[in-house]
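Below: one structure, written as structure tokens.
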Amino acid sequence: MGSKITSRAENYSQWYIDIVQNAGLAENSAVRGCMVIKPYGFAIWEKMRDVLDKMFKDTGHQNAYFPIFIPKSFFSKEASHVEGFAKECAVVTHYRLKNAPDGSGIVVDEDAKLEEELIVRPTSETIIWDTYRDWIQSYRDLPLLINQWANVVRWEMRTRLFLRTAEFLWQEGHTAHATQKEAVEEAERMLDVYATFAEDWMAMPVLRGVKSANERFAGAVETYCIEALMQDGKALQAGTSHFLGQNFAKAFDVKFLSKENQQEYVWATSWGVSTRLIGALIMTHSDDKGLVLPPTLAPIQVVLVPILKKEKQTPLILNYLREIEAELKNAGISVKLDDSDNYSPGWKFAEYEMKGVPLRIAVGERDLEGNNLEIARRDNFAKEIVSREGIADRVIAMLVDIQSNLFQRASAFRAESSHTVDSWAEFVDVLENKGGFVYAHWDGTSETEEKIKEMTKATIRLIPFGEGESGKCVLTGNPSARRVVFAKAY
RNA sequence: CGGGGUAUAGCGUAGCCCGGCUAGCGCGCCUGCUUUGGGAGCAGGAGGUCGCAGGUUCGAAUCCUGCUACCCCGACCA
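The opening position of the first sequence corresponds to residue 177 in the numbering used here, with each subsequent residue numbered one higher.
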């Protein structure tokens with residue numbers, strides 16, 4: 177039997193779907209646009225969640241939970257916020273069903289119409305700020321640093337597993353501060369947390385910067401983001417952090433009494449990452465044989481496979497592997513010993529490669545005799561026979577090496593897929609033929625960004641932080657303060 | 001919502017034009033034996049309202065009508 181996975185060269189989208197399905201990460205559900213996250217996929221999300229949650233706690237945040245339903249009237253309070261989300265909201269209008277009078281089944285009971293319709297949250301700013309009004313009275317209540325882990329619903333026209341689904345899981349941080357400076361610092365701090373997570377844990381290099389007005393979050397003053405580059409040359413927004421100014425404080429009348437005994441509106445931020453990160457992880461590292469996971473997020477870091485030939489050796493080999501399993505577990509490594517006898521070793525090799533397990537240890541008769549084992553890496557397929565002595569230390573070192581190799585490989589890919597261009601012809605050529613990040617000058621207007629999007633489908637992914645060299649806009653020739661990063665995006 | 005397409009076992013499909021089906025095949029599943037260093041072999045077995053509802057006909061997976069669902073392309077998007 178050959179590979180079940182379409183190659184990236186043949187059809188990148190199909191390759192992605194094949195990975196998600198064959199690695200057992202998720203599948204489409206009976207509900208349009210909504211996915212079922214399967215145990216192996218959810219295990220990855222749990223790891224991400226645990227790491228991020230600790231990072232949030234370490235930066236002073238607490239978790240809380242707000243309702244999934246938001247009264248419709250809340251939405252209209254912040255004008256640009258409604259405008260941004262109105263087109264993709266699910267709405268609850270009734271609260272009861274009844275048997276159809278003609279016996280044809282269950283129907284909505286028209287007598288049970290809600291006085292005020294409820295929106296299924298696409299994001300929680302409104303309900304949270306409505307609540308914060310009561311929580312915040314004086315500067316002593318600030319900063320208020322809250323995060324919630326939740327599901328949200330955005331009624332998307334077209335969906336893709338993990339990358340865009342009607343319902344998805346995420347975390348949303350919502351903070352309130354006494355000063356603009358503090359709020360901006362918070363938004364920047366959380367962007368750093370995301371970037372650190374992406375690079376150190378996902379082994380995925382990211383660019384950090386600011387969104388243009390067109391791409392800014394509905395209701396934000398400034399949106400900061402991290403952007404990663406996928407293997408097909410398209411950019412993926414992996415996390416966003418928003419400085420909301422006093423927009424929500426004013427819309428929901430959230431004021432505090434300052435030290436100087438003055439009523440002032442609070443300053444806000446919000447920030448989030450979602451299960452989309454799993455899509456990013458897949459498209460950053462995986463290959464034509466399946467998923468490739470960075471060791472720090474892999475649910476199984478090492479799989480142990482016995483090679484059983486002669487019946488009488490079976491218990492010896494299994495015992496040998498159980499000892500190795502115990503040793504690795506003691507060293508804090510997640511191990512799976514696959515002693516099932518209904519699949520051949522070859523089948524297991526292929527299966528765990530599909531699932532992206534970073535290391536595989538195989539033990540057969542030969543290894544038993546020499547007190548050895550075979551260890552194989554998922555990232556570069558290197559295989560070697562090593563002594564069983566000191567295996568835990570060796571495995572730990574190899575996991576560290578795989579983690580850094582994945583990051584370096586992704587960084588090298590990004591470097592060779594980043595292009596600096598100065599003419600319109602070059603700009604179009606790179607986007608059409610190479611893809612990747614394109615550093616080009618832009619005159620700073622939304623109109624120009626729109627035109628470029630219409631002509632090339634590329635958008636400004638971000639405006640890098642800091643000062644840059646000035647120049648002339650790649651489209652209009654008007655003055656540009658600095659280069660920005662263009663790309664086609666997911 | 002526009003344009004195109006598909007619907008047959010858990011998955012992938014053949015059959016449809018030209019009605020004769022008791023619906024075939026591969027993968028997967030179950031049982032047994034032999035196997036096991038890169039997706040094992042043999043034997044036996046289970047599994048189908050042919051998307052739904054009507055119609056034509058001696059006879060419909062196949063022809064006709066209506067409906068429903070899903071997929072792809074476009075507008076919208078973390």
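Where a beta carbon is used, it is the ideal one built from N, C-alpha and C, also for glycine.
Counting Cβ pairs, one atom from each stretch, are 3 or more of them under 8 Å apart for the region 406-413 and the region 422-433? They do not touch, by the three-pair rule.
Given residue 559 as reference, the closest of 566, 565 and 551 once Cα atoms are compared: Position 383 of the first sequence, counting from 1, holds the residue named residue 559. Answer by Cα proximity: 551.
Could you give the residue range of the alpha helix (DSSP H) that holds residue 244? Stepping through the first sequence from its first residue, residue 244 is reached at position 68. Careful: residue 244 lies outside any alpha helix (DSSP H) and carries neither H nor E.
Could you have a look at residue 343 and say whether DSSP puts it in helix, strand or coil? Stepping through the first sequence from its first residue, residue 343 is reached at position 167. Here residue 343 carries a strand assignment [DSSP, helix/strand/coil].
Starting from the N-terminal side, write out each stretch of the beta strand (DSSP E) that is 3 residues or longer and does not extend beyond the region 192-239. Fully enclosed beta strand (DSSP E) runs of 3 or longer: 202-204 and 211-213.
Identity of the residue in 392, 634 and 291 nearest residue 249 by Cα: For this step, residue 249 is matched to residue 73 along the first sequence. Nearest of 392, 634 and 291 to residue 249, Cα basis: 291.
Would you be able to state if there are at least three C-beta pairs under 8 Å between the region 575-593 and the region 358-370? No: fewer than three Cβ pairs fall under 8 Å.
Using the Cα positions of residue 197 and residue 512, report the straight-line distance between them to the nearest angstrom. Counting from 1 along the first sequence, the entry for residue 197 is found at position 21. Counting from 1 along the first sequence, the entry for residue 512 is found at position 336. Answer to the nearest angstrom: the Cα atoms are 21 Å apart.
Helix, strand or coil at residue 547 according to DSSP, with G and I counted as helix: Numbered from 1 along the first sequence, position 371 holds the residue referred to as residue 547. In the structure shown, residue 547 falls within a coil segment according to DSSP collapsed to helix, strand and coil.
At a threshold of 8 Å, does residue 635 count as lining the ligand NAP (C-beta to nearest heavy atom)? Judged by which ligands are present, the structure shown has none, so any question about the ligand NAP falls away.
Whole angstroms are fine: how far does the CA of residue 382 sit from the CA of residue 671? Nothing in the structure corresponds to residue 671, since the chain is present only between 177 and 666.
Assuming residue 331 and residue 266 are in contact, meaning their beta carbons sit under 8 Å apart, how far apart are those beta carbons, in whole angstroms? Within the first sequence, residue 331 is the residue found at index 155, counting from 1. Within the first sequence, residue 266 is the residue found at index 90, counting from 1. Between residue 331 and residue 266 the beta-carbon gap is near 6 Å, inside 8 Å, which marks them as a contact.
In the structure shown, what three-state DSSP assignment does residue 426 receive? Numbered from 1 along the first sequence, position 250 holds the residue referred to as residue 426. Helix, per DSSP.
Leaving out five residues before and five after residue 177 in sequence, what residues of the same chain have Cβ atoms less than 7 Å from its Cβ? Here residue 177 is taken as the residue at index 1 of the first sequence, counted from 1. Here residue 177 scores only 35 on pLDDT, less than 50, and its place in the model is too uncertain to base an answer on.
Does DSSP put residue 552 in a helix, in a strand, or in coil? Locating residue 552 in the first sequence gives position 376, counting from the first residue. It is a strand residue.
Since residue 452 and residue 339 are thought to touch, with beta carbons under 8 Å apart, how far apart are those beta carbons, to the nearest angstrom? Mapped onto the first sequence, residue 452 falls at position 276. Mapped onto the first sequence, residue 339 falls at position 163. Contact holds; Cβ gap of about 6 Å.
CB-CB under 8 Å to residue 606, same chain, minus the five flanking residues each way: which ones, in chain order? Walking along the first sequence from the start, residue 606 turns up at place 430. Residues of the same chain with a CB within less than 8 Å of the CB of residue 606, apart from the 5 flanking positions on each side, are 595, 597, 612 and 614 in chain order.
Opening and closing residue of the alpha helix (DSSP H) in which residue 567 lies: Translated into positions along the first sequence, residue 567 becomes position 391. In the DSSP assignment, residue 567 falls within the alpha helix (DSSP H) that extends over 567-592.
With distances taken from CA atoms, which of 436, 415 and 647 is nearest residue 393? By one-based count along the first sequence, residue 393 stands at place 217. For residue 393, the closest alpha carbon among the candidates 436, 415 and 647 is that of 415.
Return the chain-ordered list of same chain residues with a C-beta closer than 7 Å to the C-beta of residue 435, the five sequence neighbours on each side being excluded. Looking up residue 435 in the first sequence gives position 259. These residues qualify, in order along the chain: 315.
Reduced DSSP category for residue 415 - H, G, I as helix; E, B as strand; rest coil: Locating residue 415 in the first sequence gives position 239, counting from the first residue. Of the three classes helix, strand and coil, the one that applies to residue 415 here is strand, per DSSP.
Shortest alpha-carbon distance to residue 235 belongs to which of 543, 320, 476 and 184? In the first sequence, counting from the first residue as 1, residue 235 sits at position 59. The candidate whose alpha carbon is nearest that of residue 235 is 320.
Return the CA-CA distance between residue 659 and residue 561, expressed in angstroms with no decimal places. One-based indexing of the first sequence puts residue 659 at position 483. One-based indexing of the first sequence puts residue 561 at position 385. When rounded, the distance between both Cα atoms is 51 Å.
Cβ pair residue 322, residue 351 closer than 9 Å: To locate residue 322, count along the first sequence from 1; it is residue 146. To locate residue 351, count along the first sequence from 1; it is residue 175. A contact, by the Cβ cut-off of 9 Å.
Check whether the Cβ atoms of residue 401 and residue 638 sit closer than 9 Å, and answer yes or no. Within the first sequence, the letter at position 225 stands for residue 401. Within the first sequence, the letter at position 462 stands for residue 638. For residue 401 and residue 638, yes; Cβs fall inside 9 Å.
Go ahead and pull the three-state DSSP assignment for residue 663. As a first step, residue 663 must be located in the first sequence, where it is residue number 487. Strand, per DSSP.
Closest to residue 186 by CA distance: which of 664, 503 and 464 is it? The residue you call residue 186 lines up with position 10 of the first sequence. The candidate whose alpha carbon is nearest that of residue 186 is 464.
From 271, 304, 277 and 297, residue whose alpha carbon lies closest to that of residue 289: Position 113 of the first sequence, counted from the start, is the residue given in the question as residue 289. Ranking the options by Cα distance to residue 289, first place goes to 271.
From the DSSP output, in three-state form, read off residue 178 for me. As a first step, residue 178 is located in the first sequence; it is residue number 2 there, counting from the start. Note that residue 178 scores a pLDDT of 39, beneath 50, so its modelled location is shaky; the value from the coordinates is reported in the next line. In this structure, residue 178 counts as coil in the three-state DSSP scheme.
Let me know the beta strand (DSSP E) ranges lying completely inside the region 332-387, each 3 residues or longer, listed in chain order. Qualifying beta strand (DSSP E) stretches, in chain order: 343-353 and 383-386.
Counting pairs of beta carbons, one from the region 469-481 and one from the region 510-529, are three or more of them closer than 8 Å? Yes, since at least three Cβ pairs between the region 469-481 and the region 510-529 fall closer than 8 Å, the two stretches touch.
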